[in-house]
């Protein structure tokens, strides 16, 4: 499948630019992750991938997203550049988007870049992509109950808690909340968002 149009997709906010990372940027992302995302005693992810961070597996995972891409089952992890510095990843994905019109989001930021509002800004950018350009009906996310920073980002952008579950990334069950934002509750991003290069990608997203 020709994924070249994805390379032209650009999301911009006042401080950020999001786009598909090339091989060099994936290597940079590994170094950002290896430098630390969270305190070692905490685990904010449903899968504890940061406990055994392996360069080959990290790079292979990002490449596998492209190799396994199908319009009815896709995920894109966009690199996030803050004023020119690569700081993390904002991902979106969907299964059977053409009929379900629902997109899931997930993200991470290097520890030095947290607490600056970057998480809200980059999530706002993909929400604008989802609702305005891909015509999504809903966007979902999730966070452990103890991860207040992630939950605040969702709450600020209008998500509502629609369920609770238990996840065990390190073996011990932890309460995890399921969040959902409906199209009717999306009133636009809190910052300006410019998006280019969407039209050639619509078929790849199952939104054509």
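Numbering (our numbering), first residue to last: 864 to 1071.
All residues carry an ideal CB built from backbone N, CA and C; glycine is no exception.
Contacting residues, own chain, Cβ-Cβ under 6 Å from residue i (five flanking each side not counted)
i: residue 1052; result: 987, 991
i: residue 925; result: 889
i: residue 876; result: 984, 988, 1054, 1056
i: residue 971; result: 900, 951, 952
Any non-hydrogen atom of the ligand FAD closer than 6 Å to residue i Cβ
i: residue 1014; result: The ligand content of the structure shown is nil, which means the ligand FAD is not present either.
Residue i classed as buried or exposed, judged by whether at least 16 other C-beta atoms fall within 10 angstroms
i: residue 913; result: buried
i: residue 1010; result: buried
i: residue 957; result: buried
i: residue 984; result: buried
i: residue 902; result: exposed
i: residue 1017; result: buried
i: residue 943; result: buried
i: residue 920; result: exposed
i: residue 896; result: buried
i: residue 982; result: buried
i: residue 892; result: buried
Nearest candidate by alpha-carbon position, reference residue i, set the options
i: residue 879; options: 953, 935, 1004; result: 953
i: residue 963; options: 898, 998, 978, 1035; result: 998
i: residue 1022; options: 1042, 934, 1032; result: 1042
i: residue 834; options: 1038, 883, 935; result: The structure shown does not extend to residue 834, since the chain is modelled only from 864 to 1071, so the question has no answer here.
i: residue 905; options: 974, 950, 931; result: 974
i: residue 980; options: 898, 873, 1062, 1013; result: 1013
i: residue 932; options: 976, 978, 865, 1031; result: 865
i: residue 1050; options: 1031, 1019, 948, 938; result: 1019
Sequence-distant residues of the same chain with beta carbon closer than 7 Å to residue i, five excluded per side
i: residue 946; result: 878
i: residue 940; result: 925, 928, 952, 954
i: residue 870; result: 883
Cβ distance (whole Å) where residue i is taken to contact residue j below 8 Å
i: residue 995; j: residue 967; result: Contact doesn't hold; Cβ gap of about 18 Å is too wide.
i: residue 1001; j: residue 1045; result: 5 Å
i: residue 868; j: residue 1067; result: 6 Å
Nonlocal neighbours in the same chain, by C-beta distance under 8 Å from residue i, ignoring five residues either side
i: residue 961; result: 934, 935, 1069, 1070
Taking only runs of the beta strand (DSSP E) that begin and end inside the region 997-1059, which ones reach a length of at least 3 residues, in chain order?
1001-1007, 1023-1030, 1037-1045, 1057-1059
Curious, which full-length alpha helix (DSSP H) runs of at least 4 residues does the region 867-928 contain?
886-897
Can you list, in chain order, the stretches of the beta strand (DSSP E) that have 3 or more residues and sit fully within the region 942-974?
The qualifying runs are 948-958, 965-972.
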